[in-house]
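Visitor: Line order of the protein sequences matches chains X and C.
Just so you know, full-length UniProt numbering puts 303 at position 303 of the first sequence, and the rest follows in order with no gaps.
Just so you know, full-length UniProt numbering puts 101 at position 101 of the second sequence, and the rest follows in order with no gaps.
Just dropping this structure here.
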Amino acid sequence: MNRKLKTLLLPALAAAVMLATLAGAPVPGVHASPAATNLTGAGATFPYPLYSKWFDMYHQATGIEINYQSIGSGGGIQQLKNGTVDFGASDAPLTDAKLKEMPRRVFHYPTVAGAVVLAYNLPSLKEPLHLTSDVVAGIYMGKITTWNDKRIAAVNPGIELPAAPILPVHRSDGSGTSYIFTTYLSAVNGPWKEMVGANTSVSWPAGIGGKGNEGVSGLVRQTQGAIGYVELAYAKQNHLPVAHVRNRSGQFIEPTLASTTAAAEGASPLLAKDVRTPIVNSPAAAAYPICGLTYILIYQDQKDPGKGHALAGFLRWAMQEGQEVAATLDYARLPQAVVKVNEGNLGKITVAGKPLLADR
Amino acid sequence: MRAVRITADGVYRAALGGAAALVFAVVALIVYETGRGAGLSIRTFGLGFLTSTAWDPVTEKFGALPYIYGTLVSSALALLIAVPLGIGTAVYLAEIAHRRWGAIVSFVIELLAAIPSIVYGVWGFFVLAPWLRNGLEPWMIQNFGFLPFFRGAPFGIGMLNAGIVLAIMVVPTIVSISREVLLATPRSLREAALALGATRAEAIGVAVDAARPGILGAVILALGRALGETMAVTMVIGNTNRISLSLLDPGATMSSIIANEFTEATSPLYVSALIEIALVLFAVTIVVNGLARLLVLWATGGRRAVAAAA
Numbered sequence: 001m002n003r004k005l006k007t008l009l010l011p012a013l014a015a016a017v018m019l020a021t022l023a024g025a026p027v028p029g030v031h032a033s034p035a036a037t038n039l040t041g042a043g044a045t046f047p048y049p050l051y052s053k054w055f056d057m058y059h060q061a062t063g064i065e066i067n068y069q070s071i072g073s074g075g076g077i078q079q080l081k082n083g084t085v086d087f088g089a090s091d092a093p094l095t096d097a098k099l100k101e102m103p104r105r106v107f108h109y110p111t112v113a114g115a116v117v118l119a120y121n122l123p124s125l126k127e128p129l130h131l132t133s134d135v136v137a138g139i140y141m142g143k144i145t146t147w148n149d150k151r152i153a154a155v156n157p158g159i160e161l162p163a164a165p166i167l168p169v170h171r172s173d174g175s176g177t178s179y180i181f182t183t184y185l186s187a188v189n190g191p192w193k194e195m196v197g198a199n200t201s202v203s204w205p206a207g208i209g210g211k212g213n214e215g216v217s218g219l220v221r222q223t224q225g226a227i228g229y230v231e232l233a234y235a236k237q238n239h240l241p242v243a244h245v246r247n248r249s250g251q252f253i254e255p256t257l258a259s260t261t262a263a264a265e266g267a268s269p270l271l272a273k274d275v276r277t278p279i280v281n282s283p284a285a286a287a288y289p290i291c292g293l294t295y296i297l298i299y300q301d302q303k304d305p306g307k308g309h310a311l312a313g314f315l316r317w318a319m320q321e322g323q324e325v326a327a328t329l330d331y332a333r334l335p336q337a338v339v340k341v342n343e344g345n346l347g348k349i350t351v352a353g354k355p356l357l358a359d360r
Numbered sequence: 001m002r003a004v005r006i007t008a009d010g011v012y013r014a015a016l017g018g019a020a021a022l023v024f025a026v027v028a029l030i031v032y033e034t035g036r037g038a039g040l041s042i043r044t045f046g047l048g049f050l051t052s053t054a055w056d057p058v059t060e061k062f063g064a065l066p067y068i069y070g071t072l073v074s075s076a077l078a079l080l081i082a083v084p085l086g087i088g089t090a091v092y093l094a095e096i097a098h099r100r101w102g103a104i105v106s107f108v109i110e111l112l113a114a115i116p117s118i119v120y121g122v123w124g125f126f127v128l129a130p131w132l133r134n135g136l137e138p139w140m141i142q143n144f145g146f147l148p149f150f151r152g153a154p155f156g157i158g159m160l161n162a163g164i165v166l167a168i169m170v171v172p173t174i175v176s177i178s179r180e181v182l183l184a185t186p187r188s189l190r191e192a193a194l195a196l197g198a199t200r201a202e203a204i205g206v207a208v209d210a211a212r213p214g215i216l217g218a219v220i221l222a223l224g225r226a227l228g229e230t231m232a233v234t235m236v237i238g239n240t241n242r243i244s245l246s247l248l249d250p251g252a253t254m255s256s257i258i259a260n261e262f263t264e265a266t267s268p269l270y271v272s273a274l275i276e277i278a279l280v281l282f283a284v285t286i287v288v289n290g291l292a293r294l295l296v297l298w299a300t301g302g303r304r305a306v307a308a309a310a
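Right, dumping it as structure tokens:
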């Protein structure tokens with residue numbers, strides 16, 4: 001009896017000891033220092049190059065260290081919800097339903113704007129391709145299948161378009177880039193909104209998927225007749241030919257940092273009411289139509305005063321010095337109107353119900 | 001009553017038993033956690049999840065069929081290429097090649113197994129894809145286009161590319177294990193066959209027959225790797241949730257959809273559906289492995305001695 005029990009118990013005990021070792025003892029003393037010198041965040045990958053530069057500059061300027069894991073927007077939101085990070089970051093703003101699921105009220109702070117551009121592989125074309133929302137939607141729904149289709153020819157007068165088939169390329173991984181692109185198509189095209197909709201990944205009616213910006217641009221570069229959407233920064237750094245897209249006021253606009261900022265500018269009255277409003281298809285005359293904002297998410301009511309101060313200080317810095325360096329990494333700065341909206345919201349942050357920043 | 005003494009034997013036994021129990025506990029924990037995570041999706045879609053071809057994160061309609069299909073077809077295609085190639089190589093290395101030459105070649109083949117899968121993916125994307133698009137695929141369409149398997153446009157990216165990349169990834173497993181097993185078969189078998197008047201080819205056939213359980217074991221290991229491979233496949237398969245008979249068309253696998261969409265999945269049902277895909281992959285792996293083991297048992301008539309060597 002005794003012996004039998006021992007043969008059963010000992011392995012179980014050994015397994016338990018090993019499991020405990022694997023799980024690891026909790027690391028003491030990371031949290032709850034009164035004057036916070038470090039913050040943690042997690043989320044979107046799109047703004048990561050800029051954020052890591054910001055955090056580095058901010059650390060040198062103030063000594064406050066910010067650790068950021070670019071694990072994707074989904075993971076960032078989840079970690080914010082669980083309270084394991086001080087801030088989250090997401091390319092797609094939270095919907096009303098998702099905001100309700102969060103334990104406390106969450107504020108969105110747009111940090112920079114990004115544009116999604118259409119890169120193509122048509123070696124015979126010498127001038128930039130012109131596209132309209134209907135043509136882009138038609139191509140990605142599989143309704144426009146050859147380059148010399150008369151709907152494309154109509155907006156590219158005097159340009160010889162090849163009779164080659166079109167290969168639309170989309171992102172296979174869920175991404176903020178896809179979110180901006182499908183938000184645009186849903187805003188401008190009724191059938192797209194009904195059949196496909198907008199999200200970080202959707203059920204694509206046509207085309208093939210490449211992983212990441214590099215996967216999409218690789219397929220576009222390799223395949224004659226291909227068209228794919230990538231981030232503006234990526235297209236600029238790799239010198240891809242990009243299409244000019246017709247905006248709401250009828251102009252064909254080249255995607256640039258300036259035309260991206262213009263899109264946010266045009267949407268600023270709506271952003272003042274709700275910073276989550278999409279900035280696609282902006283009414284501004286100089287705006288490129290396929291643009292979006294990327295957000296940092298924090299709780300309105302901060303539990304730890306030290307961390308609350310550090311967060312608010314950083315966000316204020318990001319709206320001032322931070323905006324100055326955005327262009328060096330090919331991110332479009334926010335227009336002054338949106339900076340004002342953010343600064344107004346910073347004043348609403350509280351610690352245990354009391355306002356954090358005295359009005360200044 | 002004997003005094004309770006912890007003997008060296010007892011400690012040894014407990015340590016080993018504990019290690020084995022730990023493996024079991026980890027697997028059980030994985031199944032439990034995956035099942036828990038998939039709960040919402042299982043309650044929402046029921047068995048329809050396995051037969052639905054919809055995957056629409058916007059309206060939150062999810063089904064796994066295109067991914068189950070993609071996983072099974074890409075793995076089958078990989079084995080179709082890798083098994084003859086791998087076993088042929090192993091027989092040559094063990095039976096025909098000069099000992100030293102065989103050792104050098106098998107060392108090089110084992111190096112292939114150490115290459116990270118992302119490198120295979122990059123190779124498949126930048127080297128194999130253009131070659132398929134401009135060479136093999138147009139040729140296939142022209143000569144075999146009457147078959148449903150070779151219809152469509154030559155993208156270079158798709159099921160065929162994924163199958164070839166997977167085949168190259170699993171060949172080292174098949175070659176190195178099969179070679180070891182063949183080398184472990186007794187020399188006397190071949191000598192006896194030769195003494196009975198068999199030709200050299202027939203004598204090799206006798207050795208291969210004796211090594212059959214081990215070789216099948218190697219194929220099962222290769223299949224396991226092909227079923228679960230993620231990164232390389234994601235880069236070259238084209239990632240569309242359509243079921244197409246044509247090997248030239250893009251597809252997707254269960255592991256590729258998880259790798260693609262998990263990071264940006266924000267709604268609970270969406271995440272849950274992805275976790276259920278993982279659960280289905282787990283189940284498919286168990287079923288396929290079980291069938292393969294039955295096949296081994298059937299093929300060997302219960303012989304296990306050499307299989308254990310694998």
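Idealized CB from N, CA, C, for every residue including glycine.
1) Taking contact to mean at least 3 C-beta pairs separated by less than 8 Å, is the region 127 to 147 of chain C in contact with the region 57 to 64 of chain C?
2) Between serine 52(X) and threonine 234(C), what straight-line distance do the alpha-carbon atoms span, to the nearest angstrom?
3) Against chain X, with Cβ distances strictly below 8 Å, would alanine 265(C) count as a contact?
4) Might you give, ordered along the chain, the residues of its own chain that have their beta carbon closer than 6 Å to the beta carbon of isoleucine 220(C), omitting 5 neighbours on each side?
5) Phenylalanine 49(C): which of Thr34(C), Leu65(C), Leu160(C), Ala218(C) sits nearest, CA to CA?
6) Using a Cβ-Cβ cutoff of less than 8 Å, which residues in the same chain neighbour proline 162(X) once the five nearest sequence positions on both sides are dropped?
7) Within the 8 Å Cβ cut-off, does glutamate 261(C) reach chain X?
8) Taking contact to mean at least 3 C-beta pairs separated by less than 8 Å, is the region 233 to 252 of chain C in contact with the region 174 to 186 of chain C?
9) Against serine 52(X), what residues of chain C qualify as contacts under a CB-to-CB distance less than 8 Å, listed in chain order?
10) Might you give, ordered along the chain, the residues of its own chain that have their beta carbon closer than 6 Å to the beta carbon of arginine 248(X), omitting 5 neighbours on each side?
11) Just to confirm the assignment, what range does the alpha helix (DSSP H) spanning isoleucine 227(X) have?
12) In the DSSP assignment, the alpha helix (DSSP H) including asparagine 260(C) goes from what residue to what residue?
13) Beta-carbon separation of valine 169(X) and glycine 212(X) under 8 Å?
14) Does the beta carbon of valine 202(X) sit closer than 8 Å to a beta carbon anywhere in chain C?
15) Mapping DSSP to helix, strand and coil, what is threonine 40(X)?
16) Keeping to the same chain, check which residues put their C-beta closer than 8 Å to that of alanine 97(C); ignore five residues upstream and five downstream.
17) So is lysine 307(X) buried or exposed if we call it buried at 16+ other beta carbons inside 10 Å?
18) Excluding the 5 residues preceding and the 5 following threonine 183(X) in the sequence, name in chain order all residues of the same chain whose CB lies nearer than 8 Å to its CB.
19) Taking the CB atoms as reference points, tell me whether alanine 89(X) and glycine 76(X) lie closer together than 8 Å.
20) Can you tell me whether lysine 81(X) is helix, strand or coil according to DSSP?
21) Can you check whether the C-beta of isoleucine 71(X) is within less than 8 Å of a C-beta belonging to chain C?
22) Quick one: Cα of alanine 262(X) to Cα of glycine 39(C), how far?
23) Let me see if you follow: with CB-CB separation under 8 Å, is asparagine 239(C) close to chain X or not?
24) Can you list, in chain order, the residues of its chain with a C-beta nearer than 6 Å to that of valine 116(X)? Leave out the 5 residues immediately preceding and following it.
25) Which residue from Ile257(C), Asn289(C), Leu247(C) puts its Cα closest to that of glutamate 276(C)?
26) From arginine 43(C) to proline 47(X), what does the alpha carbon distance come to, in whole angstroms?
27) Excluding the five sequence neighbours on either side, which residues of its own chain have a C-beta within less than 7 Å of the C-beta of alanine 318(X), listed in chain order?
28) Among Val26(C), Phe62(C), Val31(C), which has the Cα closest to the Cα of valine 271(C)?
29) Restricting to Cα atoms, I'd like to know which of Leu29(C), Val127(C), Ala76(C) is closest to threonine 285(C).
30) Report back the beta-carbon spacing between threonine 230(C) and serine 74(C) to the nearest angstrom; my notes put them in contact at under 8 Å.
31) Starting from alanine 153(C), find everything on chain X with Cβ-Cβ shorter than 9 Å and list it in chain order.
32) In whole angstroms, what separates the C-alpha of leucine 16(C) from that of glycine 214(C)?
33) Find the nearest neighbour of lysine 348(X) within the set Glu321(X), Ile298(X), Pro335(X), Leu329(X), judged by alpha-carbon distance.
34) Taking the DSSP output, what are the residues bridged to arginine 242(C)?
35) Compute the Euclidean distance between the alpha carbons of histidine 130(X) and valine 155(X), then round it to the nearest angstrom.
36) To the nearest angstrom, how far is the alpha carbon of valine 30(X) from that of aspartate 304(X)?
Guide: With the given structure in hand:
1) no
2) 28 Å
3) yes
4) Ala292
5) Leu65(C)
6) Leu122, Ser124, Trp147, Asn148, Gly225
7) yes
8) no
9) Under the 8 Å cutoff, chain C gives no residues; its nearest Cβ is about 18 Å from serine 52(X).
10) Asn281, Pro283
11) Segment 226 to 231 is the beta strand (DSSP E) holding isoleucine 227(X); no alpha helix (DSSP H) there.
12) 254 to 261
13) no
14) yes
15) strand
16) Val105
17) buried
18) Ala198, Pro278, Val280, Gly292
19) yes
20) helix
21) yes
22) 46 Å
23) yes
24) Thr177, Ile180, Phe181, Tyr229, Ile290
25) Ile257(C)
26) 36 Å
27) Trp54, Thr111
28) Phe62(C)
29) Ala76(C)
30) That pair is no contact at about 12 Å.
31) Pro165, Leu167
32) 26 Å
33) Ile298(X)
34) DSSP lists no partner for arginine 242(C).
35) 6 Å
36) Its pLDDT being 35, under 50, valine 30(X) is placed unreliably by the model, and the measurement read from it follows with that caveat. One C-alpha to the other measures close to 13 Å.
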